[in-house]
Structures are given as structure tokens and as C-alpha cells.
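See structure below.
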């Protein structure tokens with residue numbers, strides 16, 4: 019029988035061979051990339067093909083760099099087949115007829131690694147987990163899965179228990195780690211489900227919803243690479259801290275072409291991060307705001323009280339109210355967006371003004387028909403369109419508008435808000451300064467206004483055409499210089515005829531050859547284009563999205579290929595989702611599928627017992643997810659005098675930091691205490707950080723519950739739980755979130771009586 023040292027030696031040799039193969043393939047890809055980058059010129063088609071090739075090899079190099087750590091993490095042994103090694107990337111031997119050296123974890127051949135159990139081994143006799151540090155093998159965990167070993171004490175619902183518990187008990191690093199080595203069967207079902215349709219992943223705290231969503235993104239990119247690389251994948255998270263927290267997961271899985279964004283990033287040119295009252299955000303998030311926005315746009319389509327007089331070639335013209343009303347009706351009846359319909363309004367008004375001129379200068383002196391011909395009227399209309407005074411008058415009546423302009427004007431003017439149909443209470447909530455910073459709840463409104471306003475491409479098309487004409491004229495000048503130079507060089511006919519640029523290319527082709535290709539990735543182009551359509555959208559903490567936010571996302575994904583991850587028991591926003599039926603009925607009716615995650619991998623049983631009481635207060639019918647482990651540390655609560663709260667918090671944080679060593683401590687406070695307690699904590703504890711913006715690489719972070727959604731810490735200290743509850747009509751949901759952020763330790767500091775939902779701590 020072989021000893022552990024021999025096993026480690028053999029596996030290390032195989033691991034070394036894998037890295038040698040990876041290095042060779044990476045060097046080959048890098049060399050091909052360098053060769054492509056040295057090429058220049060060519061036809062537009064040739065340059066486009068070269069850019070596609072460049073992108074391919076650049077992606078190959080990036081993928082192979084990304085899997086440097088943890089390249090191979092598992093092995094499957096079979097009774098009848100050769101061993102199968104599982105890793106982050108597929109690697110083949112030089113002879114492709116041989117078995118793969120390494121199977122990509124997303125390939126069908128790797129699936130038994132996640133599904134095989136002693137009860138249902140799927141032909142696997144042994145599953146081996148390989149622990150590595152860099153390129154060095156540090157340990158082996160074996161699971162024997164044949165029937166003779168079925169009673170060895172393993173759990174039927176947990177695969178790779180030793181590796182799983184090792185990962186769960188490791189200290190947090192401030193970045194989410196992938197779970198590719200420890201994916202469980204219920205998670206695997208979600209990850210590998212099909213691309214089409216809306217999949218809702220409902221799961222309580224600690225069930226791995228976020229990790230599952232990210233691994234699903236990697237799996238879909240593997241199985242539908244051509245489509246999703248072209249169209250892009252959007253991952254929408256609740257805040258910027260969360261995006262930083264998950265930022266390394268997909269690169270570690272060899273996927274780099276995904277757009278990570280928050281709702282506040284979803285309108286190009288706007289980064290919406292400002293806070294506002296929850297009640298104001300709720301008004302903006304409800305569908306009732308649609309009528310308000312439509313009326314706000316209609317209010318900008320004005321008519322004069324009587325008439326407007328403008329000067330045209332020294333003669334006064336009247337733009338009558340009746341003319342404007344008729345022109346406005348024609349434009350509105352077209353159903354076109356405001357800026358596009360403006361052309362109809364202008365055309366009708368110009369036509370009426372041209373008739374006014376015709377009646378004045380073309381009338382038959384004897385009272386007969388107008389003497390002007392149609393060509394005369396056409397010329398008159400052209401002159402009117404080019405008249406600056408006429409243009410300005412019509413612009414004032416029906417201006418070209420931008421979404422930002424309309425929303426700023428609306429939210430800073432009580433009269434506009436009233437005219438748009440808002441009641442007094444809602445007007446009081448929404449009214450703000452004209453230069454106020456954008457909030458996340460503004461972004462769906464900007465997006466809706468962009469739909470209502472539209473873009474008149476006429477002027478842009480004219481500008482593009484003019485730029486091309488100027489480029490061709492410039493190219494003709496260059497070619498004329500070349501022609502002149504050749505004439506001087508070959509004045510005598512004795513020289514042999516030589517081809518030059520002007521013999522093989524004209525000015526138009528010359529311009530085409532020097533057009534700049536758009537070399538941005540799909541995610542980069544999508545971030546800059548409001549109308550971009552994604553191939554798949556993943557939404558985390560989806561229960562927080564308002565109905566208006568869902569409208570925005572559905573525009574980005576008309577195919578309705580979405581993975582929606584959340585827990586309605588944790589909904590904190592007033593306009594958030596309390597029922598998945600409510601969210602999706604307007605878009606897909608009942609044609610969405612639900613997957614539920616029921617096992618809690620993050621939160622130990624001791625903490626989940628406390629959280630269960632809070633969940634019962636949220637909704638007695640809800641059941642908390644079942645924890646797979648115990649931490650051996652009981653949660654605690656300590657009441658302190660109000661005057662000593664800050665000092666006690668500082669002392670507690672120091673103690674907790676020492677207990678978790680290199681792990682992370684999260685301090686979760688009511689919104690009202692974030693600034694004051696944050697200032698005292700950072701002054702007393704070096705390296706502590708406050709709020710949504712700090713990097714979670716800090717060992718100690720103080721933040722509000724809303725900012726902590728989706729995050730996890732080794733130790734969590736919840737401060738003033740009664741105030742957390744009181745801040746929102748859904749305060750118990752916020753408290754449930756707060757007490758389920760910890761992976762090892764939970765404590766509560768309070769100055770008043772504990773809420774009854776935390777009575778067990780007393």
C-alpha cells in the first residue's frame with residue numbers, strides 16, 4: 019500500500035507536467051499575439067479579421083494567466099477508465115487522440131466531481147481533492163465512493179465535505195473566492211441550467227447565491243461563447259463595494275469579458291451614488307411615475323397664449339396659437355418620441371408660415387388664385403427653415419431635450435412637479451436643488467425619459483456625412499500631391515513606369531483604409547451604449563429592485579435570458595420586490611422557473627438559531643436555510659451606557675480583530691450612527707474604514723446594513739439593533755441581513771432593551 023508521501027510525489031509530478039503544458043501553450047499564444055500586433059495596413063475587411071484574431075489570442079493569454087493559481091484541484095478515479103483530472107481550464111496533450119490532460123470544470127465529463135456520492139457514485143470509485151499553493155501541492159483529501167465505503171460517515175447532501183469545511187472555516191480576505199472546488203449538487207443544478215428564459219434563484223443567507231450566479235456566468239460563457247462574447251453578459255450588483263468584493267471570481271475562472279455594474283451605472287455618462295430618503299426612492303421606483311414623466315415631456319411641448327411674432331427678411335410673421343396647436347397634434351398623433359416628432363411639428367409650422375408669406379406676396383391683384391408656383395413655395399419653406407429667428411421661435415415651442423435636462427428641471431421645480439400630476443406629499447419628497455447629485459433611483463427615470471424623448475439622428479447623420487466628405491477632400495489633396503511628385507520625378511520618358519498609390523486606390527478607398535476600427539470589448543461597448551442588448555443578465559440582491567428598475571433591465575435583455583438571485587425575506591427597499599410573481603408577471607407572466615437553495619454554507623448553526631427568530635418576525639411562514647456546520651462560539655449581546663457606546667465599540671472591535679487574526683471584522687450600524695461612530699473608530703483603530711467606498715481589504719469596516727448586503731465577515735458586531743429596525747418599515751428584514759453576515763462570530767452592542775426577536779441573546 020502506498021504511503022502519503024508517495025501519493026504527494028506522484029500528484030506533484032502530474033501537476034508540474036500540467037503547468038509545463040500551460041506554459042508552452044501560453045508562450046505560443048503570446049507569440050501569435052505579438053505577430054498579429056506587428057502587422058499593419060490592409061483592407062478594412064483584412065483589418066477587421068486581424069482584429070478578431072488579435073482579440074482571440076489576447077483572450078487566450080488572459081485566460082491562461084488567470085488560472086495560474088489553482089489550475090488543477092481534483093481527480094476522479096473510475097473502476098473501468100483512466101483517472102480524470104479536473105481544473106479551471108481544459109488542457110490537451112499535443113496528440114489530441116489521447117485523453118485530455120485536464121478537464122475544464124464546466125465540461126460534462128467533470129460533472130461527476132460535483133454530483134457523485136456514496137449512494138449514487140456515477141461510476142466514480144474515488145474523488146480526490148488536491149490542495150495547492152501556487153504550483154506546489156500541499157495536501158490531498160480522498161473520498162472513497164464505492165458501495166463498501168458508503169457507511170463511512172459522509173453526508174449525502176454534501177460532496178467533498180473535508181474540502182468544503184476547510185474553505186468555509188478559512189479567514190475572509192476581503193475578496194470573494196470562487197467555489198469551483200466545492201460546488202454542491204443543488205448549486206450545480208442551477209449553474210448548469212439552460213440559457214433561455216428567466217431563472218430565479220431564491221435562497222436564504224449563506225446558501226451561496228452569489229457564488230452560484232458567478233459560476234453560472236462562467237458556465238454559460240463556456241457553453242455559448244460565440245453568442246455571449248458578441249452580446250456580452252451583465253452582472254448587476256447592489257453597490258460598488260459588492261462589485262469590488264466579487265471582482266476576482268470570474269477572472270479566477272478564466273472569464274474576463276463580463277460587465278459588472280450597479281443600477282447607478284446603467285445610464286452612460288451618469289454615475290449615480292448619492293443617497294436620498296427611502297420614501298423618495300419609493301416614489302421614483304413605483305410605476306405611477308411613468309405618467310408623471312410622460313406629462314413632464316408633454317409640458318415642454320408648448321403653444322403661445324395668442325401668437326409669436328418673428329422677423330423674416332424684414333417682414334413680421336405671426337406664429338399663431340391655432341397653428342401651433344394643429345402642428346402639435348400632428349406630431350403627437352404620430353406616436354414618435356419627442357425629439358423625433360419635433361420634425362413633424364416644425365414641418366407643419368413652416369408650411370403654415372410659408373402660406374402666410376404666399377398670401378402676402380403671391381396674391382392675384384384681381385382676387386384670383388395665388389400666383390406662386392410650388393417651386394416658389396418650396397424655396398420659401400427652405401428659407402424659413404434656415405432663418406435663425408424662426409428656428410429659435412420653434413425651438414422654444416418644441417425644444418430638443420435630453421433626459422438629464424428634463425429630470426433636473428422637473429425635480430427642482432415645484433410647479434413642474436405639480437403640473438406633471440404629483441400630489442403635495444410626493445412633491446415634498448422629490449423636490450431638490452437643480453444641481454443635486456444623481457441617486458440610483460434616478461437612473462431608471464433617465465432611461466424612461468430617453469425612451470420618451472428619442473434621438474433625432476438627422477443632424478448626426480449630416481455631421482457624419484460632412485466628416486466623410488471632408489476626409490475624402492483631404493485624401494484627394496494628398497493623392498494630388500503624390501501625383502505632382504511623380505510628374506516631377508518622371509519628366510523624361512526614359513524612366514521605367516512604376517506603380518504608385520494613385521494607380522491602385524482612389525480617395526474614397528484611401529479614407530476607408532484609414533478608418534479607425536472599434537477595438538473595444540463587448541462589455542466596454544455595452545457600458546457606453548444605453549441601447550445595448552445583452553445576451554444574458556445576472557441580477558444579485560434582486561429583491562431590492564423597484565418596478566422601474568425592472569423596466570430598465572428588461573429593455574437591456576429583450577430575450578429575457580436572465581438569472582435573478584435574491585431572497586424576498588431580506589428586502590429592505592420600500593419599492594423592492596416582495597414577490598417574484600409581482601416582479602415578472604408584466605414581462606414573462608408565469609414563464610419563469612424557480613430554483614431554491616436550502617443549505618447554509620456560510621453561517622454557522624449557532625448564529626442561524628438567532629437569525630431564525632428574526633426571520634420569524636419578518637414572516638412566520640418562512641424557514642431559514644439549514645447550516646452545515648457549527649462554529650463552537652455562541653453569539654453574545656452586551657448592554658452598555660449610551661455615553662460609553664463608542665468606547666465599548668472600539669474595545670470590542672479590538673477584541674474581535676484579535677480573535678479572527680487575519681480575518682475581517684464588520685461593524686453594522688444604523689444609518690444615523692455611521693458618520694459619528696465611524697469617525698471615532700477610525701481615529702482609534704488604525705486601518706479601519708467606513709462606508710460603502712472603502713476596499714474590503716481593510717481588516718475592519720464599519721458600514722450600514724444596506725451597504726453590507728451580499729458581503730460576509732469572519733466576525734460581525736451589530737450596533738443598536740432597535741434603531742436598525744426603527745429606521746425602515748422593513749427594519750426586521752435589515753436586522754435579518756445584519757445578523758447573517760458572519761461566518762464565525764456574532765456580537766450585539768445596545769444601549770436600550772434588545773428587540774424581542776433577539777431575546778435569546780439576553
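Numbering (the working numbering), first residue to last: 19 to 780.
Beta carbons: idealized from backbone N, C-alpha and C, even for Gly.
The structure displayed is predicted, hence computed values, not measured ones.
Assigned secondary structure, residue i (DSSP; H/G/I helix, E/B strand, else coil)
i           : result
residue 580 : strand
residue 230 : helix
residue 210 : coil
residue 704 : coil
residue 631 : helix
residue 93  : strand
residue 416 : coil
residue 764 : strand
residue 122 : strand
residue 456 : coil
residue 539 : coil
residue 598 : helix
residue 654 : strand
residue 194 : coil
residue 423 : helix
residue 556 : strand
residue 148 : strand
residue 109 : strand
residue 592 : coil
residue 157 : strand
residue 574 : helix
residue 315 : helix
residue 114 : coil
residue 162 : strand
Residue i - partner residues in DSSP beta bridges
i           : result
residue 644 : 617
residue 335 : 328
residue 32  : The partner list for residue 32 (beta bridge, DSSP) is empty, contrary to what the question assumes.
residue 75  : Paired residue(s): none; residue 75 is not in a bridge.
residue 471 : Per DSSP, none; premise fails for residue 471.
residue 220 : 584 and 614
residue 201 : Bridge partners of residue 201: none, in fact.
residue 103 : 93
residue 142 : 96
Straight-line Cα distance separating residue j from residue i
i           : j           : result
residue 438 : residue 354 : 20 Å
residue 167 : residue 681 : Any reading at residue 167 is ruled out, since the residue's pLDDT is 41, under 50, leaving its predicted position unreliable.
residue 423 : residue 464 : 10 Å
residue 39  : residue 117 : 14 Å
residue 737 : residue 654 : 12 Å
residue 110 : residue 254 : 35 Å
residue 565 : residue 594 : 8 Å
residue 233 : residue 71  : 27 Å
residue 79  : residue 748 : 48 Å
residue 231 : residue 250 : 16 Å
residue 37  : residue 104 : 14 Å
residue 643 : residue 224 : 8 Å
residue 83  : residue 412 : 59 Å
residue 359 : residue 311 : 17 Å
residue 559 : residue 724 : 11 Å
residue 370 : residue 73  : 56 Å
residue 430 : residue 301 : 16 Å
residue 743 : residue 245 : 46 Å
beta-carbon residue i near the ligand MN non-hydrogen atom, thresh 6 Å
i           : result
residue 651 : Among the ligands in the structure shown, none appear at all, so the ligand MN cannot be discussed.
Other residues of its chain near residue i: CB distance less than 8 Å, five sequence neighbours each side excluded
i           : result
residue 778 : 627, 628 and 631
residue 248 : 540 and 553
residue 634 : 640 and 775
residue 25  : 158
residue 618 : 222, 223, 224, 225, 626, 642, 643, 644, 645 and 646
Chain-order list of residues whose beta-carbon lies under 6 Å from that of residue i (same chain, five-residue window excluded)
i           : result
residue 170 : Because residue 170 carries a pLDDT of 42, less than 50, the predicted location of this residue cannot be relied on, and the following value inherits that uncertainty. Taken in chain order, the list of residues that qualify is empty.
residue 375 : 398
residue 322 : 339
residue 384 : Its pLDDT being 45, under 50, residue 384 is placed unreliably in this model, and the value from its coordinates should be taken loosely. Once the five neighbours on either side are set aside, residue 384 has no close Cβ partner at all.
residue 329 : 407
Close Cβ partners of residue i (< 7 Å) along its chain, the five nearest in sequence each way excluded
i           : result
residue 689 : 722 and 745
residue 282 : 289, 290, 291, 458 and 461
residue 334 : 327
Checklist entry - Of all the alpha helix (DSSP H) runs that stay within the bounds of the segment 234 to 303, which reach a length of 4 or more residues? => result Inside the segment 234 to 303, DSSP marks whole alpha helix (DSSP H) runs of 4 or more residues at positions 243 to 249, 258 to 264, 267 to 270 and 296 to 303, from first to last along the chain.
Checklist entry - Curious, which full-length alpha helix (DSSP H) runs of at least 4 residues does the segment 666 to 737 contain? => result As far as the segment 666 to 737 is concerned, its whole alpha helix (DSSP H) runs of at least 4 residues are 692 to 702 and 723 to 726.
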